[in-house]
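Per my numbering, the very first residue in the sequence shown carries number 271; after that it's consecutive.
The structure appears right after this line, and notes come after that.
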Amino acid sequence: MDEQKKSPQTEPDETAVPNQEPYVPRPKWQIIAAWFFLILMVLSTILYYYWIAYRY
271 MDEQKKSPQT EPDETAVPNQ EPYVPRPKWQ IIAAWFFLIL MVLSTILYYY WIAYRY
């Protein structure tokens with residue numbers, strides 16, 4: 271029973287990726303730009319259907 275408990279612990283160490291870089295978060299300006307364009311697309315879609323397509 272002890273041998274079965276020790277074997278799973280040694281296997282992940284062998285399969286682990288060496289020199290794995292830590293997680294680097296995205297810059298704030300990229301997040302702000304993504305939200306800006308998302309909101310811009312939504313507002314332009316609403317504007318199109320309300321202002322242009324509603325006339326015809």
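We put the CB at the ideal spot given by N, CA and C, even for glycine.
Grab me the residues of residue 289's own chain with a C-beta within less than 6 Å of its C-beta, minus the 5 sequence neighbours each way, in chain order.
So no residue of the chain qualifies.
Quick one: grab the DSSP three-state call for residue 290.
Of the three classes helix, strand and coil, the one that applies to residue 290 here is coil, per DSSP.
Which of the three DSSP states is assigned to residue 303 in this structure?
In the structure shown, residue 303 sits in a helix (DSSP, three-state: H, G or I).
Alpha carbon to alpha carbon, how far is residue 314 from residue 321?
Taking the straight line from one Cα to the other gives about 10 Å.
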